[in-house]
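Input: a single structure, listed below in structure tokens.
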Amino acid sequence: MRNYYIAGNWKMHKTRSEAADLARALVSSLKDGKHKYLVAPSFTALETVGALVKGTNIRLGAQNMAAEEQGAHTGEVSVLQLKDLGVQTVILGHSERRHVYKEDDALINRKVKLALKHGLEAILCIGELLEEREAGKAEQVCETQTVKGLEGVAASDLANIVIAYEPVWAIGTGKTATPEDADAIHAYVRKVVGKLYGADAAEKIIIQYGGSVKPENASLLMAKENIDGALVGGAALKAETFVPIALFA
Ligand code: PGA
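What follows is the structure, given as structure tokens:
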């Protein structure tokens, strides 16, 4: 049985004090929650939020990471610096990184391998653009991003990999993929993982859905066989909307 994993991606929102308020509210509201939880604040709030979630059932995540361990990379943040702050998980290949900041599969793959090398869990985001979906290429795009993202990742490291399927046209738009459409891609990606790592690995891998997840649609999505959790953006910014998603029945 796969455990549900609900993650909040706070993107470029919240000062430290705002982040602390939200983290405090989540720690108290989710303390009896049965699923796996994560919050990913901005780099600037990692230390503040990390101190509040330490020792709780909420993991600390970062939203990105450099592909190099250290060095002359102005404006980047390294895996060593994240680990120093107690970060346990890093979101990689988010569609905003791919499409706004032009990160490609090869760069994302280097980040994935570096995160794993340092014992971090990596959430590898994949997902097609609207025009790719309309051209019937959603499966192909997700397969390529999965295969290239995981290139060179050992089977023994797969337990530290989570995949997040986030159709780009559903992110921040209020448009959610139907649970059936999302489940179909999840099933396909699970098959791709099976081809790469075998049936047991495919059965075990956690595949989150992301893209306008809200309290109203969370349980419908999560009821689908291949949807194992959610990566939540907009609705993760307030306890009133994230908590009901995180505690979905
Ligand atoms: P959204 O963002 O929930 O606001 O659509 C999801 C994400 O980008 O991870």
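Counting from 85, one number per residue, gives the positions in the sequence shown under the working numbering. We put the beta carbon where it would ideally sit given N, CA and C, even for glycine.
(request) Would you give the residue range spanned by the alpha helix (DSSP H) that R194 belongs to? (result) 189 to 201
(request) Can you say whether H183 is buried or exposed, counting buried as having 16 or more other CB atoms within 10 angstroms of its CB? (result) exposed
(message) Could you check whether I210 and C226 sit closer than 8 Å to each other, using their CB atoms as the reference points?
(response) yes
(request) Identify which residue in A222, T230, L204, P263 has its Cα closest to the Cα of A243. (result) L204
(request) Please name the residue in E153, R108, I175, T128 whose C-alpha comes closest to that of I142. (result) R108
(message) Can you determine whether any heavy atom of the ligand PGA sits closer than 7 Å to the C-beta of S126, and answer yes or no?
(response) Taken from the Cβ of S126, every heavy atom of the ligand PGA lies 7 Å or farther away.
(message) Taking the straight line between their C-alpha atoms, what separation do you get for L321 and E152?
(response) 30 Å
(request) Would you identify the three-state DSSP class for G318, choosing helix, strand or coil? (result) Here G318 carries a helix assignment [DSSP, helix/strand/coil].
(request) Could you pull the start and end residues of the beta strand (DSSP E) that E205 belongs to? (result) 205 to 210
(request) For the stretch 213 to 252, list the alpha helix (DSSP H) runs that are entirely contained and at least 4 residues long, ordered along the chain. (result) If one requires a minimum length of 4 residues, the alpha helix (DSSP H) runs lying completely within the stretch 213 to 252 are 214 to 218, 222 to 233, in chain order.
(message) What would DSSP say about I290, mapped onto helix, strand or coil?
(response) strand
(request) Whole angstroms is fine: what's the gap from Y281's alpha carbon to L169's? (result) Distance between Y281 and L169, taken at the CA atoms: about 32 Å.
(request) Could you tell me the boundaries of the beta strand (DSSP E) in which G134 lies? (result) Looking at the DSSP string, G134 is not in any beta strand (DSSP E); the run it does join, the alpha helix (DSSP H), is 130 to 137.
(request) Compare the C-alpha of Y121 against each of A307, N193, G318, Q292 and name the closest. (result) Minimum Cα distance to Y121 is reached at Q292.
(message) Please return the same chain residues whose Cβ sits closer than 6 Å to the Cβ of G92, not counting the five positions on each side in sequence.
(response) V123, V316, A320, F326
(request) Would you identify the three-state DSSP class for R100, choosing helix, strand or coil? (result) helix
(message) Since N334 and T260 should fall inside the 8 Å C-beta cutoff, what is the C-beta to C-beta distance between them, to a whole number of angstroms?
(response) For the chain, the structure presents residues 85 to 333; residue 334 sits outside this window and is missing.
(message) Tell me the rounded alpha-carbon separation between N148 and L176.
(response) Distance from the CA of N148 to the CA of L176, rounded to the nearest whole angstrom, comes to 6 Å.
(message) With three or more C-beta pairs closer than 8 Å as the rule, is the stretch 183 to 195 touching the stretch 217 to 225?
(response) Touching, no, given that fewer than three Cβ pairs across the two stretches are closer than 8 Å.
(message) S303 and E250 - do their beta-carbons sit closer together than 8 Å?
(response) In this structure, S303 does not lie closer than 8 Å to E250 by Cβ.
(message) Just to confirm before moving on: does the CB-CB distance between D312 and Y89 stay below 8 Å?
(response) Y89 sits close to D312, with the two beta carbons spaced by under 8 Å.
(request) Leaving out five residues on either side along the sequence, give the residues of the same chain with a beta carbon under 7 Å from the beta carbon of V163. (result) M149, E153, L198, A199, H202, L204
(request) Hey, could you find the ends of the beta strand (DSSP E) L93 is sitting in? (result) Sequence inspection shows Asn at residue 93; the Leu mentioned does not correspond to that position. That run of the beta strand (DSSP E) goes 89 to 93.
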